[in-house]
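Student: Residue numbers for the sequence shown follow the UniProt record's numbering, so the first one is 1 and each next one is one higher.
Idealized CB from N, CA, C, for every residue including glycine.
Owing to the predicted nature of the structure, the values given are computational and were not obtained by experimental measurement.
Below: one structure in structure tokens.
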Amino acid sequence: MDTLRIEGGQVLRPDMTVERADVLVDRDDGTILDIGTDLDADASETLDADGCLVMPGLVNAHCHVSMTLLRGYADDKPLDAWLREDIWPAEAALTADDIRVGAELGLVEMIRSGTTTFADMYFDVPEIVDAVEKAGLRARLGHGSVTIGKDDDDAWDDIEESIEIAREFDGAADGRIRTAVMPHSLTTVGEEYLREAAAEAHEDDIPVHYHANETTDEVDPIVEERDERPLSYAKDLGMLTERDFIAHGVHVDDEEIALLAETGTGVVHCPASNMKLASGMAPVQDMLDAGVTVGIGTDGAASNNDLDMFDEMRDAAMIGKLAADDASAVAAEDVVRMGTAGSAEAIGLPGGALEVGGVADIAVVDLDAPHLTPANDLVSHLAYAARGSDVRHTVCNGQVLMRDREVLTLDQAAVMERARDAVTALRDRI
Ligand SMILES: [Zn+2]
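Okay, here's the thing in structure tokens:
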């Protein structure tokens, strides 16, 4: 058997306790064989975790990975103006090669900061599929459709593309890639298209993922036009089921929170994006109290501006307390659970916990740093003090993607060079 042993570290268990243990991984099927202090098998490969915390790989549950190319391209504007004046025109000029290198850049950044799994909405999805296959991560991918401003034929083409992409690539990369049908939002996609997209997706047991209740500008028109809240509208459309997940959920009222809990719909909280675009503060503690499955996502790098999930967990804790006006809200354990198991559950992929028999998606965090000293409480450190750059090794599906801070599956220097060149050419085209 081809095995990997992660040895000498402390291990974060699913109940958020930390214990001294080694982790033995079956690399053939990508699962965890054993966790303990006296594992007997000789391993084919070892990773040194002395002075480190071994934790589940982080799960970035909402991203637009190729937007790394637009990092710093336009900042300091509200969502609607930012999208219409800057982001959509730039995205219209992106080529398939740009999408590819933007994705690779984002994947290098994710691997370096311990993210092993992500959910992504973008276009030219086959390029992203190839990049993920090569990089070795786990992902739920989809084509984001927009129908406003399009004639009926173009609108249906865009919806059809989302459905076809979802069908074609579900199970790609030996099952590491799953898909979703991804209409952009409840206001950028018309009612008949949303209804059809959801019906077609669910016919094949494929989830629907979309932005919802992100800003009041998005909520108010639905309330005025339909005399119902957005998530009640989404439920009528068949888009609020256990396999579906929404991004943001900032402006949700008590009835919508109850709907999310009842239907089992996942919510992906994107605190940095919500703060940067001044979208608002999501009532995360209220959602957790109601039993809603809540994960965490970075959103695209243009509204964040990085893909570091440690930053994102810290932001989630901070804004969660502010939103609840309660320092005990969105506590360290909750935020670490949201960034791992909560996200995995929300997007319907395995991972987010280190358990025998579970997938071997693992981040090894180096604790030998001034900002992580002293080790009073390691879960607190993960929530409040650790950074993506503290990650020393990253493993996904039993394969080592980064060893001693060197990314093995992608050529970091070459990817960065190609990204710089792509953006120089893009700026000339716009
Ligand atoms: Zn988004």
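I need the boundaries of the beta strand (DSSP E) containing Met121, first residue and last residue.
Tutor: If you number the sequence shown from 1, residue 121 lands on position 121. Per DSSP, Met121 belongs to the beta strand (DSSP E) from Thr115 to Tyr122.
Student: Would the segment 395-403 count as touching the segment 123-138 if we require 3 or more Cβ pairs under 8 Å?
Tutor: These segments touch.
Student: Rounded to a whole number of angstroms, what is the C-alpha to C-alpha distance between residue 438 and Ala353?
Tutor: There is simply no residue 438 to check, as the chain begins at 1 and stops at 430 in what is shown.
Student: Leu307 and Ala301 look like a contact to me (Cβ under 8 Å); what is the Cβ gap, rounded to whole Å?
Tutor: Numbered from 1 along the sequence shown, position 307 holds the residue referred to as residue 307. Numbered from 1 along the sequence shown, position 301 holds the residue referred to as residue 301. Sure, about 6 Å apart at Cβ, within 8 Å.
Student: Please report the straight-line C-alpha distance between Ala172 and Pro374, rounded to a whole angstrom.
Tutor: Here residue 172 is taken as the residue at index 172 of the sequence shown, counted from 1. Here residue 374 is taken as the residue at index 374 of the sequence shown, counted from 1. One C-alpha to the other measures close to 44 Å.
Student: Work out the CA separation of Ala258 and Asp158 for me, nearest whole Å.
Tutor: As a position in the sequence shown, residue 158 is number 158, starting the count at 1. As a position in the sequence shown, residue 258 is number 258, starting the count at 1. Each residue's alpha carbon lies about 32 Å from the other.
Student: Is Asp204 near ligand 1, judged by its Cβ being under 7 Å from some heavy atom?
Tutor: The residue you call residue 204 lines up with position 204 of the sequence shown. No, the beta carbon of Asp204 sits no closer than 7 Å to any heavy atom of ligand 1.
Student: At what residues does the beta strand (DSSP E) containing residue 435 begin and finish?
Tutor: Given a span of 1 to 430 for the chain in the structure shown, any question on residue 435 remains unanswerable.
Student: Excluding the 5 residues flanking Glu200 on each side, which residues of the same chain have their C-beta closer than 6 Å to its C-beta?
Tutor: The sequence position of residue 200 within the sequence shown is 200, counting from 1. Around Glu200: Ile163.
Student: If you count every other CB in all the chains shown that lies within 10 Å of the CB of Pro89, and 16 or more means buried, which is it?
Tutor: Along the sequence shown, read from residue 1 onward, the residue named residue 89 stands at position 89. With fewer than 16 Cβ atoms within 10 Å of its Cβ, Pro89 is classed as exposed.
Student: Report the start-end ranges of each alpha helix (DSSP H) in the segment 240-277 that is 4 residues or longer and not cut off at the edges.
Tutor: Listed in chain order, the complete alpha helix (DSSP H) runs (minimum 4 residues) inside the segment 240-277 are 254-263 and 271-276.
Student: Is Asp120 near ligand 1, judged by its Cβ being under 7 Å from some heavy atom?
Tutor: Locating residue 120 in the sequence shown gives position 120, where the first residue counts as 1. Asp120 Cβ: outside cutoff for every heavy atom of ligand 1.
Student: Going by C-alpha to C-alpha distance, which of Val54, Val356, Val129 and Thr293 sits closest to His269?
Tutor: In the sequence shown, the residue the question calls residue 269 occupies position 269. When each option's Cα is compared against that of His269, the closest is Thr293.
Student: May I ask you to report which of helix, strand or coil DSSP gives Leu105?
Tutor: The count along the sequence shown starts at 1 and reaches residue 105 at position 105. Three-state result, Leu105: helix.
Student: Would you say His269 touches ligand 1, meaning its beta carbon is less than 7 Å from a heavy atom?
Tutor: By one-based count along the sequence shown, residue 269 stands at place 269. Result no, Cβ not under 7 Å from ligand 1.
Student: In or out: residue 466 buried (at least 16 other Cβ within 10 Å) or exposed?
Tutor: Look at the range of the chain in this structure, 1 to 430, and you will see that residue 466 is not part of it.
Student: Between Asp169 and the rest of its own chain, which residues show a CB-CB distance below 8 Å, the 5 nearest in sequence each way excluded?
Tutor: Translated into the one-based positions of the sequence shown, residue 169 becomes position 169. The question names Asp, yet the displayed sequence has Phe at residue 169. Result list for Phe169: Val125, Pro126, Val129, Leu141, Ile177 and Thr179, in chain order.
Student: Quick check on DSSP: helix, strand or coil for Ala234?
Tutor: What you label residue 234 is simply residue 234 of the sequence shown in a count that begins at 1. Correct three-state label for Ala234: helix.
Student: Rounded to a whole number of angstroms, what is the C-alpha to C-alpha distance between Ala41 and Phe310?
Tutor: On the sequence shown, position 41 is the one that residue 41 refers to. On the sequence shown, position 310 is the one that residue 310 refers to. In a straight line, the C-alpha of Ala41 is about 33 Å away from that of Phe310.
Student: State yes or no: is the C-beta of Leu231 within less than 8 Å of the C-beta of Val252?
Tutor: Numbered from 1 along the sequence shown, position 231 holds the residue referred to as residue 231. Numbered from 1 along the sequence shown, position 252 holds the residue referred to as residue 252. Yes.
Student: What's the C-alpha gap between Val330 and Leu382?
Tutor: Here the question's residue 330 lines up with position 330 in the sequence shown. Here the question's residue 382 lines up with position 382 in the sequence shown. Computed Cα separation, rounded: 14 Å.
Student: Run through DSSP, which three-state label would Gly57 get?
Tutor: The sequence position of residue 57 within the sequence shown is 57, counting from 1. Of the three classes helix, strand and coil, the one that applies to Gly57 here is coil, per DSSP.
Student: Flag Asp75 as yes when its Cβ comes closer than 7 Å to any non-hydrogen atom of ligand 1, and as no otherwise.
Tutor: On the sequence shown, residue 75 is found 75 positions in, with the first residue counted as 1. Asp75: no, Cβ never under 7 Å from ligand 1.
Student: Where do the N-terminal and C-terminal ends of the beta strand (DSSP E) with Thr179 fall, by residue?
Tutor: Residue 179 sits at position 179 when you count from the first residue of the sequence shown. Unbroken beta strand (DSSP E) run through Thr179: Ile177 to Thr179.
Student: Strictly by DSSP, which residues pair up with Ser185?
Tutor: The residue given as residue 185 occupies position 185 in the sequence shown. For Ser185, which the question treats as bridged, DSSP gives the partners His211.
Student: Enumerate in chain order the residues of its own chain whose CB-to-CB distance from Ser389 is below 6 Å, with the five nearest sequence positions on each side excluded.
Tutor: Translated into positions along the sequence shown, residue 389 becomes position 389. Same-chain partners within the cutoff: there are none.
Student: Short of 7 Å in beta carbon distance, which residues of its chain neighbour Thr394, apart from the five on each side in sequence? Order them along the chain.
Tutor: Numbered from its first residue, the sequence shown carries residue 394 at position 394. Same-chain partners within the cutoff: Gly57, Ile111, Gly114, Thr116, Ala363, Leu401 and Met402.
Student: DSSP on Asp22, reduced to helix/strand/coil?
Tutor: To locate residue 22, count along the sequence shown from 1; it is residue 22. Three-state DSSP puts Asp22 in a strand.
Student: CA-CA distance, Asp34 and Asp15?
Tutor: Taking the first residue of the sequence shown as position 1, residue 34 is located at position 34. Taking the first residue of the sequence shown as position 1, residue 15 is located at position 15. Taking the straight line from one Cα to the other gives about 17 Å.
Student: Answer with buried or exposed for Arg226, where buried requires no fewer than 16 other C-beta atoms within 10 angstroms of its C-beta.
Tutor: In the sequence shown, residue 226 corresponds to position 226, counting from 1. By the 10 Å Cβ count, Arg226 comes out exposed.
Student: Could you spell out the range, first to last residue, of the beta strand (DSSP E) harbouring Thr424?
Tutor: One-based indexing of the sequence shown puts residue 424 at position 424. Not the beta strand (DSSP E): Thr424 falls in the alpha helix (DSSP H), residues Gln412 to Arg429.
Student: What do you reckon, is the C-beta of His62 under 7 Å from a heavy atom of ligand 1?
Tutor: As a first step, residue 62 is located in the sequence shown; it is residue number 62 there, counting from the start. Yes, ligand 1 has a heavy atom inside 7 Å of this Cβ.
Student: Express the C-alpha separation of Val223 and Thr421 in angstroms, rounding to a whole number.
Tutor: By one-based count along the sequence shown, residue 421 stands at place 421. By one-based count along the sequence shown, residue 223 stands at place 223. Note on identity: in this sequence residue 421 is Asp, with Thr being the wrong assignment. Roughly 45 Å separates the two Cα atoms.
Student: Count the other C-beta atoms from every protein chain shown that fall within 10 angstroms of the C-beta of Val379, then say buried if there are 16 or more, exposed otherwise.
Tutor: Residue mapping note: residue 379 aligns to position 379 of the sequence shown, counting from 1. Buried.
Student: Drop a sphere of 10 angstroms on the beta-carbon of His184, count the other beta-carbons inside from all chains shown, and report buried for 16 or more, exposed for fewer.
Tutor: Here residue 184 refers to the residue found at position 184 when the sequence shown is read from its first residue. Per the 10 Å Cβ criterion, buried.
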